[in-house]
Structure formats: C-alpha cells, structure tokens
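Here the protein sequences line up with chains C and S, keeping their order.
With our numbering, the residue at position 733 of the first sequence is 733, and numbering never jumps.
With our numbering, the residue at position 99 of the second sequence is 1099, and numbering never jumps.
We treat Cβ as the ideally placed atom computed from N, Cα and C, and that holds for glycine.
As the structure is a computational prediction, the values presented were derived from the model and not from experiment.
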Amino acid sequence: MTIGSPAQAFSSRRVALLLGTLVAALGLAVLLGWVFDVAGLKGVFPGSVTMKANTAAGLLLCGLNLVLVSSFPNPRCKYFLGCALSLLVVTVAGLTLSEYFFGWNLGIDQRLFHDVAASVGTTKPGRMSPTTALSFIFVAIGLSVRSLPVPFRWQRPTVGALGAATIIAATMTLAGYFLQSVVDYHLWNYNGTAVHTAAGFLLLGFGLLALTPRKQGFTWSLNAITTGGFAIGIVGVLAAAGGSNYLIYRLQESVALVGRTQEDLKVLQQIDAGMASLESGQRLFIITLDEQALRQRSETKVTVQSYLSDFGKLTVNDPSQRRRAAELDQMIAQRNSWGDQTITALRNQGFQVAERMISSDEGTALTGSIHALLAEMSAEEYRLLAERQEKSSAASTSAFLALPLSVFLAVAVLVLALFFLDAGVGEQIRAEEELVNVRERRRSDQNFRALLESAPDAMVIVDTRGKIVLVNSQTEKLFGFSKSELLGQAVETIIPHRYHGRHTQHRDSFFGDPKVRAMGLGLELFALRKDQTEFPVEISLSPIETSEGTLVSSAIRDITERKRIEQGIQRLNEDLERRGMALEALNQQLAGFQKLVEGVRDYAIIMLDAKGGIASWNSGAQLIKGYTAEEIIGQHFSRFYPPEDIANGKPDRELREVARLDRIEDEGWRLRKDGSRFLANVVISALRDTNGNLWGFAKVTRDITEQRKTEEGIRQLNQELKKRGSELEISNKELESFTYSVSHDLRAPLRHIDGFSKILVEDHSAELSEEGREYLDLIRVSTREMGQLVDDLLDLARVGRKDPVLQLTGLDSLANEIISALKRDNAGRSIEWKVGRLPFVECDPGLIKQVFTNLLSNAVKYTSPRKPAVIEVGTSTQDGKPVVFVRDNGVGFNMKHADKLFGVFQRLHRAEDFEGTGVGLATVRRIVHKHHGRIWADAKVDQGATFYFTLGTSESPEAESPEPGPEKQPIEVRHE
Amino acid sequence: MSNVAFEILLVEDNPKDLKLTLNALSKHKPANRIEVVRDGEEALEYLFCNGRYTNRTFDRPPRLVLLDLKLPKVDGIEVLRRVKSDPRTKAIPVVILTGSEEETDLVDGYKLGVNAYIQKPVDFEEFRKIAEQLGLFRHRRAFSGE
C-alpha cells in the first residue's frame, strides 16, 4: 500500500470531512422535514419518492460517522463510537433487507414517522428501498473498516470498493431520475430510492473514496488473485445478469399468463355471447325465416368455433380446462347440430315442427349445460386469474427486489475486484516495477561503475561501517593496492595510522549528517599507499542513498604536485610579501626620514643632483640660508659660496672631492640670501645607486657662527677656570698644609702646657693653695679643650686632603665597633642600643668610621639627661636608595637652626650644657660629601634627633664651593 | 717583675718635650740610665759608635731607643731606617715618639721596622706597657743573634 502524500491525505481528509458534514446535514434536514411535515424536504419533486425517515436518520448517522472517521485525532474511543454508529445503521438496514427477503414486517419502517401510502416506491410505506439499505450497509462497513485502529492489508481496497459500489448505485439511481425527467425513458425501476437519498449516498461514496487517497491512479495488470477476483466478479455480474434475466422472464411469464387468463375469460364470455347470439339468431330465423339471420348464425358459429380453438390454444397447459373445453366443444357441436336440425326441420317440416323442437327442452338443456360449463370454466379461469395475479405480483416483487440487488452485488463484487485488482495489481506492478527497478538499477549500476572507472580521481565508496565496497582502477594505481585487496577492508587501510582514531569519529559524524562536502576543510590530509608511504591528498565526500543504506563516495586526488606548486607559490608570495613589506617599511622609513629631515631646523639638509643643482630643501635650509624651497630648487648650490670661493672654483672642487672621497667635511664662510655671511660646517656625501654610479649629493650645512663664538667663549672660560682651578688647588693645598702644620705645630705647645701642668698637679699641688689648684685645673681643662679642637681641625683638614679609598664595607661591623667602644666608655649609663641591619657599601672604612664615631658619640652626649637613653642605628629607604640613620631620644634641637648644624665651629647648644668643638659634624659632612652622599638631620626640641646620610647616590652633592657658577649651563671642565 | 735598670737612648730635640719625657720616665724608680741626644746625627753617631761616640761599642747597645721624628740634621725616619737596616743595630728596639696620630699615619714605621709608637706627652703607664711588650724587663739579650 502506498500512502498518499500528507498534503494529499490532508486534503482528502478535508474532503471526507466536508462530505460527511453535508450528508449529515441532509439527513438532519429531511428528518426535520418529517418532524415538521415539509413535503419539499421529504420528496424533492412533488409526488416523487420520499426519503424515508429511517433513511434520513441513517444518512445523518453515516454522515456523522464519516466526519468522525476523517477527523483527527484517532483515539480508541473514536473507533468504538464509529463502530456503534455503523452498527446501528447496519442493523436497521439489515433488518429492512430481511423484511424484503423474507417478507417480514418488523415494524421498523414506521417507527419514526408515518409515511403516506400514496408515495410511490417501496412496497411498504416508510420502508427504505433495498438499494438504500444495501448502500447503508456498504457505507457503514466501509467506515468501520477504514477506522480500524490496526490497519490490515485489504483495508483500503475494501473501503474503496465499498465506496465505489455506493457511488455506482447512487449514480445509477440518479441517472434513472435524470433520464426519466429529461428523456422520459424509464430505464428501470430505480427501486424506489428518493433522489436526494441517492445524492446523499453519492456523497458518502465519495467520502469513502476520499478516505483512501492514492498516489497513482488505477493500473491494470494480472495476477492469480486478482484474476480470480476479477473472474469471480465477472461471473458474479453474469450470474446477476442471468439471475435478473430469469426473474424478469418469470415476471414476464406470469404477467403474460395473467393476460392469457384474462383472455381466456374474454373468450369464454365471447363464446357465451356467441352461443346466445346463435340462440337468438335461430329463434329469429324461426320466427322471421330471414336468411340473413341464418347467414349470421353460420358466421357466429364459425366465430364461436374460432374462439373455441383459441381457448384450446390458450389452455394448452391446463388439462382440466382443456377437458372442459373439449366437453364444451362437444356440447356446442351438439347444440349447433340441434340448432341445425331445428332449422332444417323448419325448412323441411315447417314451423310447427321447428317450434316443437324449440319448445322441447333439449335445446334449452343443451344451452343450459353449455352455460353451466362456461360458467364453470369461467370460474376456473377466475380462480386461475386470481392465482396468477398473485403469482405475478410476487414475481414482480422478486424481480423488483432481486434485479437491482443482484446488479448491485455484481457491481460491488466487480468494484471490489477492481480494488483488489488494483491492490494485487499494485503488487504486480510493484513486482514489475521491482523488476524494472532492478533492471534499471543494474543499468544504473553499470553506468555508475563506468562513471567510476572513468573518473580521473581515485573513487572509494565506503559503507556506514567504514568498509570499502567499491573502488575504481585509478584507486589501484594511486594506492598500489589491487581492487581485491581493498574491497571489504576498512577504509583506514589507506589512511595513515595516526589519523585512524579521528577518522572513525569523522566517519560517524558524516553519516549522522550526510551531505556533499570536501573532507577536512582546511586540514592537511594524507593517504597511505600499500608500501606505507604517505602522500598529500584532497578528498571530497558525497553521500549515496541506496537501498542498502547510505554510502559515502569519496573522490581522492593526489595533490603532491599541487602542493609542491602551492608551496612554491607560497614561497614566492612570502617573498613578495616580504619584499612588499620591506618596501613598505622602506617607504615608511623614507616618509619618516623626509619628515625628520624636513623638521630639522638647526641643519640645512639638502640634496643636490650630480651637477650640483639643488633638488631638495628643508626648513633648516630655509632658516639658515634664507631661501624658500620654491626659490632655490633647481639653482646651483654655488650661490651659497662667497664670491672669492666661487672665483677659486671651490664649489666644483668640493664636488669632485666628494666624488672621489665619498664624503668631505668643510668649514667655511657661506652666504645667506640677504648677502650676510655665516660660518658653516658643511658635510657633503656622495649618493650612489646599487651599481656605484653617482647620482647626487647630500649636503648638510650647519650655521656654526654662534657656536664658534660660544666655543671660543667656553674655551676662554675653561682656560680661566683651569687657571682658577689650579689656583684653587694650590690655595687648597696651601690651606691644607697650613691647617696641618698649624694644627700640628699648635699641638706641641699644648702638649707642653698640659704636661707641665700635670707635673705641677702631680708633684707640686701641695705647694699650692686651693684656689691655686683650682686655677691649675682650669688651665688643664682649657688645654685639653684646645687639644680637642686642634685634633678636630686636623681631622677636618685630613679628610679634605685625601680622596676616599673605596672598598666594599659592611657598615654593620663599623657601627658595632664604635658602639662597643662607646658602651665600654659609658658603662655607667643606661643606654639602650638598637642596631638594625646596615648595608654593605663602597666607602672608605676609616672615614665612615669617623662618621659613625661622631654621630654616635653625639647621640650618647646629647642623651645624657635621659634614662634610659635610646640610640638607634638603622637603614631606611628613600626614593629607593638606602639611607643610614642614627636616632636618639636626646635633647634634640630646633630645626630653625638646622642650617647651622654642619657649619664649622657652629654649635646649637651651650658649652656648659654640652661640651663640643662644633667641628665634628662639619667633618662628617665633608666625609659624606666626599662619598658623593648627602647628610641631613631631623629633630624636635627635647624629643631627640635623627641624622640621615646616604653614600654614593647618583644625585650630585650639594655644592660645597660657595663660588657661584656662570649664568649659563656650567660646562664640564676636566682637570688634566 | 723587678725593673732592671736599663739604658735608654732618648732622641729628642724639643727641650720642653724632653723635660716632660724625662719627667715621665723618672716617675717610677728605679731610674733608668737615659742618654739624651738632641739630633739625628748625634743619634746615629751614638748608635754606630762613631763621631763623638767612638768610644762606644756595639756589644753594649742601648736597651731601647726612644726616637722623636722631627729632628734637626737627620730626621727620625732616616735614623730609623739606618738603624734597622744595619745588622749591627737592627736588634735594638726603637719606639717612635709621635706628636699626633697624623704623624703616625704619615710614617709607616712598621714597614721600616719600628717596634712601637708612643704619643707625646709620654705617659709612663703607656711606656711601661710597651716596655713590657718589648720584653725589656727580661734579661739582656745577647747582642748577636736576631
């Protein structure tokens, strides 16, 4: 079975739905017509057959059933409902039919409504015609079969057949109506079906057909079953025809018989009349002796005789009547002979004799018995007539019934056969088609193979399991395998091993969504030859739908050559690209250079052609020489030269030299546009092409007039500075040696004062008074102070003289040394020492030791009021550089006077509060500065002080020299 | 340890310094025999037993030489060098009298063989320590050797 396209099914359904609705509406309308007794609804034409109430109800139910069956959805209950409807209809129709067949009267015909007996058609009022009943059965069964939830093979043909049968029956009825009304040809007794009933069935029949949509139309073919069916159908038709014929014949026969009987009666009456006429004729003759009467008599006798023979003919089949007829004949003959005798007697013997004969009872008795016999015969005939009329009526009914019925059945079987035919035909067709397909397929297979073989690429066909099912000879050539070696093998045989896993995945995904495409877009694909070498390939895949399932056809192309070419092209491209990029870069550079050159304002950068004509100009050239680009380009560069140089031929000479030396540098006077001179530094370079040919010159000119002046000035300044420097150095040296010798020479007398005063104290204090001793003490104290001062000054001088000798020193150890000494010397005091990590620095350890000594002893000194004194040494960071600090919680100082802190002899505390020479910090600062460091302090009165110093920072130390430098940037003067 | 009196050669030109030094040295008895010379030349004559001191002999050198640096005629460093480079006088301990640390730095006496430094004014304790260090309180060493 082929199912029509869903669209077709859909529209067919719609059609069925529509038809069902129409029929149901029709049924309902007619029912209403019965309710409200609307004659127009019951019978369309006045006086025509009405649609019976049962029929209307049945149409309604069938219409609803059709709607039900053709609608979606299909729940089980729908099927059962449909079956219920069908069952109801079938029951009523079946019962009606059985009424016809068996002559029952079940009282169903007038259940709903009373019918008028006058309405023509069915034998009983209210009873639907047999055709209608049969059509109902067809339709109801057809609908139920169609709506079977479980489809079976013959479902559609059955439904179709039933529908077709219904259609044909309805059509015949409608045709009958049509012919009757139009042509007035009574086709046949259209079996009492109302016209709208027939219409309704027509629609139902189409509805059934609509439920069996077909893709193709009917096709003819023969096979056993369908032939048998068809034969049965034909036989059926013939049987039906024969049957009908027979029934009609019988009907005709019975009717004829009735007619004959009626004829018999007529004949008998005529005989009777004839006899009476003879009688009277005889009498008349006897009375009138008219020959005419005699002649009439003999005519009548002849007539009677013929009647008799007629009767005899008519009653050939009826023995009793024939016997009587014979008897009658005899009697009539007797009577006639008596009549003749009478007449003869009259003629011969006269009237009286005749009268005597007439008045004798013989004639009368004869006539009487003839009458009696005639009456008997008539009675017999009447009886026969009644009997035959009865028979005729029955035959009529049978024919009435059976004829269309049999035709129906025949047609139904025929149509069924048609459908089965069609179905079977379908089978046949399919088988044939199959055959044709197979042949086609074989042919297309061959074509396919031929195509495959002719393909220039290797074609490999693979099934869903990845097995090779077909290859062409190109494959053999390409891979080195023979066809037999590949067929049935896994396709991975020709794929390099490392791709196997992935390939399986890809295969599966391809079959999941098969479409024509190139394999592995963007990937480098390789294939494997029999000898296990690899080669690059391009593969395109396309799915092939076959009856065995989806296959993949892959066209494999060896692209080694192409790859090679591609690579070559790629290299070329890369080359070109590189060159392009290089060019671009060059262009960029050029643009950059041009901009650079253009933007330079301090240098005149110009290009000359090979002859010395000016080819390019920049803003610097404009500034220096005064010409604009427009003015000067094209001119010869010698116009920049002073006349005396031009006279000398300097410009050309220079060019020649450049050509020779490739580059010359010259200083000389040049002319500006306004004629003024300036001192120029000129560099001319030769520009050559790749072959070394000179094509131009690059000339860079600088106005060095100012510069020269400045240089002179600087030189002079330098000289002065040198002089001053050496003077300073001399004076420094003098100062230092002065300081040194002063200090040193000051020491000796001090030493002596101290020494002798000590002797006085040690050896002669007894000779002194207390006051004397006090003064002596003061002398000694002063001496010591002076000694300290001298020492400090000597220190300061010493530091200033020498450059620090740098070595990597751990400041930790330096500080700790001094701290230990201080601890020893100040054992009596409570001092808390906090020493942090100090860095390793490049420094002169001796000098830095002095720094620590000074700072730490200061800390000790100025924390003397504190208990405990807290002195902290550590490192902090400022601007990323290490800073050493010495912090104390001593008396501190006012930051207001901080600038005096490091001055020589400057003190910020009173001498009686804290001893000190005021030289120490100056020395410390000198040392720190000699290390290119910085020293500064931070303090609060009574809250202690912190001294910070750095060593070897990149910052320039604060200028110690008070001498102000020149206004301009100081030029570095190097000592030689 | 008993202070064995020993002979000291004091080379000092400044009279005041001289006085102070002598005072310091004589503080603690026993008095040492102190020979004083007033300049470098004389010191050399003394030590090398020539000039004014030809009567001297090398086998009886002074136990110690206290040498001032700033001397007229021949300065202290020269004397030191001469003494320490001559095998006859090499063994004689020489202690330099310095006026300041400066001076000490200026002279790398140790290189030249000086045995110790004393700062002026001479402190006796200091002197005693050094003398002890130099082993001057021990028995007179045999002249030859070292």
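query	result
Less than 8 Å between C-beta atoms, sequence neighbours within five positions excluded: which residues of the same chain meet that for V884 (chain C)?	L811, L838, P839, V873, G874, T875, Y948, F949, T950 and L951
Per DSSP, what kind of secondary structure is A117 (chain C) in: helix, strand or coil?	Any reading at A117 (chain C) needs caution, since the residue's pLDDT is 48, under 50, leaving its predicted position unreliable; the model's value is listed next. In the structure shown, A117 (chain C) sits in coil (DSSP, three-state: anything other than H, G, I, E or B).
First and last residue of the alpha helix (DSSP H) that includes D1059 (chain S)?	That residue, D1059 (chain S), is in no alpha helix (DSSP H); it is neither H nor E in DSSP.
Which residues in chain S have a C-beta closer than 8 Å to the C-beta of F756 (chain C)? List them in chain order.	K1016, K1019 and L1020
Taking the runs of the beta strand (DSSP E) that are 3 residues or longer, which of them lie wholly in the stretch 457 to 526 of chain C?	458 to 463 and 468 to 471
Show which residues of chain C have a CB atom less than 8 Å away from the CB atom of G1040 (chain S).	Under the 8 Å cutoff, chain C gives no residues; its nearest Cβ is about 18 Å from G1040 (chain S).
By DSSP, does I779 (chain C) sit in helix, in strand, or in coil?	helix
Please classify Y775 (chain C) as buried or exposed, where buried requires at least 16 other C-beta atoms within 10 Å of its C-beta.	exposed
Where does P764 (chain C) fall in DSSP's three states?	Checking the displayed sequence, the identity of residue 764 (chain C) turns out to be His instead of Pro. Reduced to three states, the DSSP call for H764 (chain C) is helix.
Under 7 Å between beta-carbons, which chain C residues line up against A1121 (chain S)? List them in chain order, please.	In the sequence as displayed, the identity of residue 1121 (chain S) is Pro instead of Ala. Under the 7 Å cutoff, chain C gives R751, D754 and G755.
Taking only the alpha-carbon atoms, compute the straight-line gap between F206 (chain C) and Q446 (chain C) and give it to the nearest angstrom.	47 Å
Considering only the alpha carbon of each residue, which of C:F535, C:A555, C:E534 and C:E538 lies closest to I544 (chain C)?	C:A555
Please report whether the beta-carbon of E1126 (chain S) lies at a distance below 9 Å from any beta-carbon of chain C.	no
Give a yes or no on whether the minimum CB-CB distance between L1071 (chain S) and chain C is below 9 Å.	no
The beta strand (DSSP E) that contains Q1119 (chain S), what's its start and end?	A1116 to Q1119
Comparing C-alpha positions only, which one of C:I468, C:K625, C:Q707 and C:V860 sits nearest to R824 (chain C)?	C:V860
Which residues in the same chain have their Cβ closer than 7 Å to the Cβ of L977 (chain C), if we skip the five residues on either side of it in sequence?	This structure leaves residue 977 (chain C) out entirely; chain C is present only between 1 and 976.
Taking only beta-carbon positions, decide if N1050 (chain S) is within less than 9 Å of chain C.	no
By the three-class DSSP mapping on this structure, what secondary structure does Q594 (chain C) have?	helix
Please report how far the alpha carbon of K699 (chain C) lies from the alpha carbon of A647 (chain C), in whole angstroms.	21 Å
What does DSSP give as the partner residues of K834 (chain C) in its beta bridges?	C:E872
Return the chain-ordered list of same chain residues with a C-beta closer than 8 Å to the C-beta of K467 (chain C), the five sequence neighbours on each side being excluded.	G488, Q489, A490 and V491
Within 9 Å (strictly less), CB to CB, does H764 (chain C) reach chain S?	no
Could you check whether L1064 (chain S) and L1136 (chain S) sit closer than 9 Å to each other, using their CB atoms as the reference points?	yes
Rounded to a whole number of angstroms, what is the C-alpha to C-alpha distance between L85 (chain C) and L19 (chain C)?	17 Å
If the cut is a Cβ gap below 9 Å, which residues of chain S does I848 (chain C) touch?	The contacting residues do not exist; I848 (chain C) stays about 17 Å from chain S at best.
Figure out for me which residue from C:R670, C:F637, C:E665 and C:R656 has the closest Cα to the Cα of E644 (chain C).	C:R670
For the beta strand (DSSP E) that A939 (chain C) lies in, which residues bound it at each end?	I935 to K940
State the Cα-Cα distance for the pair A93 (chain C) and L257 (chain C), rounded to the nearest angstrom.	35 Å
Beta-carbon of G1109 (chain S) versus every beta-carbon of chain C: anything under 9 Å?	no
Assign C77 (chain C) to buried or exposed, taking buried as 16 or more other Cβ atoms, counted over all protein chains shown, within 10 Å of its Cβ.	exposed
Any contact of the stretch 683 to 690 of chain C with the stretch 653 to 664 of chain C, i.e. 3+ C-beta pairs under 8 Å?	yes
Counting only C-beta atoms, is R824 (chain C) closer than 9 Å to chain S at any point?	no
Around the C-beta of Y177 (chain C), are 16 or more other C-beta atoms found within 10 angstroms, so that it is buried, or is it exposed?	buried
On the three-state DSSP scale, how would you describe S676 (chain C)?	coil
Against I759 (chain C), what residues of chain S qualify as contacts under a CB-to-CB distance less than 7 Å, listed in chain order?	N1023
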